[in-house]
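Participant: So the sequence shown is numbered by UniProt numbering: it starts at 1 and just counts up by one.
Glycine is no exception: its CB is placed at the ideal position from the N, C-alpha and C atoms.
First, the structure itself, so that you have it in front of you.
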Amino acid sequence: MELSERVPPIGLVNNSYNGCYVNSCIQLLFSMKSFVSYLSFNPPNNEIIQRIRLLFVDLINTTLQSINTFYFLDCYNPQYGDPNEFLVQILEQCEQCNYYEMSLQCDINCECGKTDTVISKEPVLLIRNNGIQLDLSTQLYSSLFREFHCSCGRTVNVKLKSLNSPQYLIISVENIKIVNNKIEKQTKSISQNREIIYNKTQYSLKSMITHINGYDNGHCRSYVKIQNKWYCCDDTNVYLWNEQLEEDVSEVVTTFLFEKKEEEPQSKLIISQQSIFDYYLFLKEKQNN
1 MELSERVPPI GLVNNSYNGC YVNSCIQLLF SMKSFVSYLS FNPPNNEIIQ
51 RIRLLFVDLI NTTLQSINTF YFLDCYNPQY GDPNEFLVQI LEQCEQCNYY
101 EMSLQCDINC ECGKTDTVIS KEPVLLIRNN GIQLDLSTQL YSSLFREFHC
151 SCGRTVNVKL KSLNSPQYLI ISVENIKIVN NKIEKQTKSI SQNREIIYNK
201 TQYSLKSMIT HINGYDNGHC RSYVKIQNKW YCCDDTNVYL WNEQLEEDVS
251 EVVTTFLFEK KEEEPQSKLI ISQQSIFDYY LFLKEKQNN
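Following this line, the structure appears as structure tokens:
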């Protein structure tokens, strides 16, 4: 059985008081078949990918329900606690990233007459949780506007154009707000759509990372969909999920992983020579009558 289809997923030991975000990112990454294939067939090109590959080898060979993730403790600071920063760091180290990297084109036209076209490659799209329950597709569309500062001093608000539809769509959510000059966490999660449309392509939700409790004393866990069932991966505690976030502990989504929906093969009409001959006899009989 493929690692991405292991039921239930293998639990990961939390090696520090704040290592939960590392485990959550690993669970999300290993739910991507293309990422697992990348680890299987490509030699590691840097330290962090090497350590993930070692962990991957352990996962596919273990008969245990959980394994250790000590590989990361001396190459990445587990005290920081930002799953999206850690996720981007890993994704940017992968040499073959066409299955998740988004190409965005920006056509800049300033009132001063200056024009420019910028094409950027981004592994993750960032959207902001403003506390208002909007459809995720609406939030995603609004995130494709960027501010650019022209050399003339003007600020230009520009709509980005999506140039591709990667196999996986990774969306990170900024869940912070400023209240009385202090950083606080949004206590209400952004909408968790199971399906969205990006660049005229349908995507289905495959995995999520969430954060519970407060801004500076929280905990991360991940959710993975396998064989049409959702599992919660809370370090070594892995169980079937009821698909409801725990609002009483301010659980909010920090990361979405969407997978492109496979197009259903169109059925083809198959006509045998015998059926054609029978139809010919039928028409001939009708004509004679």
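Between which residues of its own chain and residue 266 is the CB-CB distance below 8 Å, once the five residues before and five after are set aside?
Facilitator: For the purposes of this step, residue 266 is taken as residue 266 along the sequence shown, with counting starting at 1. With a pLDDT of 48 at residue 266, under the threshold of 50, the modelled position of that residue is not reliable, and the figure given next carries that caveat. Excluding residues within five positions, none has a Cβ falling inside 8 Å.
Participant: Using DSSP's beta-bridge definition, name the partner residues of residue 290.
Facilitator: This structure leaves residue 290 out entirely; the chain is present only between 1 and 289.
Participant: Report the start-end ranges of each alpha helix (DSSP H) in the stretch 34 to 94 that is 4 residues or longer and not cut off at the edges.
Facilitator: Segments of the alpha helix (DSSP H) lying fully in the stretch 34 to 94: 47 to 61, 83 to 92.
Participant: Express the C-alpha separation of residue 27 and residue 129 in angstroms, rounding to a whole number.
Facilitator: Translated into positions along the sequence shown, residue 129 becomes position 129. Translated into positions along the sequence shown, residue 27 becomes position 27. The alpha-carbon atoms of residue 129 and residue 27 are separated by roughly 23 Å.
Participant: Let me confirm a value: residue 43 is counted as buried when at least 16 other C-beta atoms fall within 10 Å, else exposed. Which label applies?
Facilitator: Working through the sequence shown from its first residue, we reach residue 43 at position 43. Residue 43 comes out exposed.
Participant: If we cut at 8 Å on Cβ distances, does residue 139 have a partner in chain C?
Facilitator: Among the chains of the structure shown, chain C does not appear; only one protein chain is present.
Participant: Write down the C-beta distance between residue 245 and residue 162 rounded to the nearest angstrom, noting that I regard them as a contact closer than 8 Å.
Facilitator: The residue labelled residue 245 in the question sits at position 245 within the sequence shown. The residue labelled residue 162 in the question sits at position 162 within the sequence shown. With a Cβ gap of about 28 Å, residue 245 and residue 162 do not count as contacting.
Participant: Straight-line CA distance for residue 268 to residue 166?
Facilitator: Counted from its first residue, the sequence shown places residue 268 at position 268. Counted from its first residue, the sequence shown places residue 166 at position 166. In this predicted model, residue 268 has a pLDDT of only 45, less than 50, meaning its place in the structure is not dependable enough to derive any value.
Participant: Kindly identify the DSSP beta-bridge partner or partners of residue 202.
Facilitator: Within the sequence shown, residue 202 is the residue found at index 202, counting from 1. Bridge partners of residue 202: 197.
Participant: Need the endpoints of the beta strand (DSSP E) that residue 171 sits in, please.
Facilitator: Locating residue 171 in the sequence shown gives position 171, where the first residue counts as 1. 168 to 174 is the extent of the beta strand (DSSP E) around residue 171.
Participant: Which residues bound the beta strand (DSSP E) around residue 237?
Facilitator: Counted from its first residue, the sequence shown places residue 237 at position 237. That run of the beta strand (DSSP E) goes 237 to 240.
Participant: Can you look up residue 20 in the DSSP assignment and give me helix, strand or coil?
Facilitator: For the purposes of this step, residue 20 is taken as the residue at position 20 of the sequence shown. Note: residue 20 maps to helix in three-state DSSP.
Participant: Can you check which of these residues, 153, 219, 41, is closest to residue 94 by C-alpha distance?
Facilitator: Taking the sequence shown and counting its residues from 1, one reaches residue 94 at position 94. Nearest C-alpha to residue 94: 41.
Participant: Taking Cβ to Cβ, would you say residue 13 is nearer than 8 Å to residue 66?
Facilitator: Reading the sequence shown from its first residue, position 13 is the one you call residue 13. Reading the sequence shown from its first residue, position 66 is the one you call residue 66. Contact: yes.
Participant: Hey, residue 212 and residue 251 are a contact pair by Cβ (cut 8 Å); roughly how many whole angstroms apart?
Facilitator: Walking along the sequence shown from the start, residue 212 turns up at place 212. Walking along the sequence shown from the start, residue 251 turns up at place 251. The Cβ separation is near 5 Å, so the contact holds.
Participant: For residue 20, count the other beta carbons within 10 Å of its own beta carbon; 16 or more makes it buried, fewer makes it exposed. Which is it?
Facilitator: Here residue 20 corresponds to residue number 20 of the sequence shown, with the count starting at 1. Buried, since its Cβ has 16 or more Cβ neighbours within 10 Å.
Participant: Rounded to the nearest angstrom, what separates residue 235 and residue 209 at their Cα positions?
Facilitator: What you label residue 235 is simply residue 235 of the sequence shown in a count that begins at 1. What you label residue 209 is simply residue 209 of the sequence shown in a count that begins at 1. Between residue 235 and residue 209, the C-alpha separation is close to 12 Å.
Participant: Would you check if the distance between the CB atom of residue 131 and the CB atom of residue 186 is smaller than 8 Å?
Facilitator: Here residue 131 corresponds to residue number 131 of the sequence shown, with the count starting at 1. Here residue 186 corresponds to residue number 186 of the sequence shown, with the count starting at 1. Against a cut-off of 8 Å, the Cβ pair of residue 186 and residue 131 comes out as a contact.
Participant: Please name the residue or residues paired with residue 106 in a DSSP beta bridge.
Facilitator: As a first step, residue 106 must be located in the sequence shown, where it is residue number 106. Residue 106 is bridged to 118, 160.
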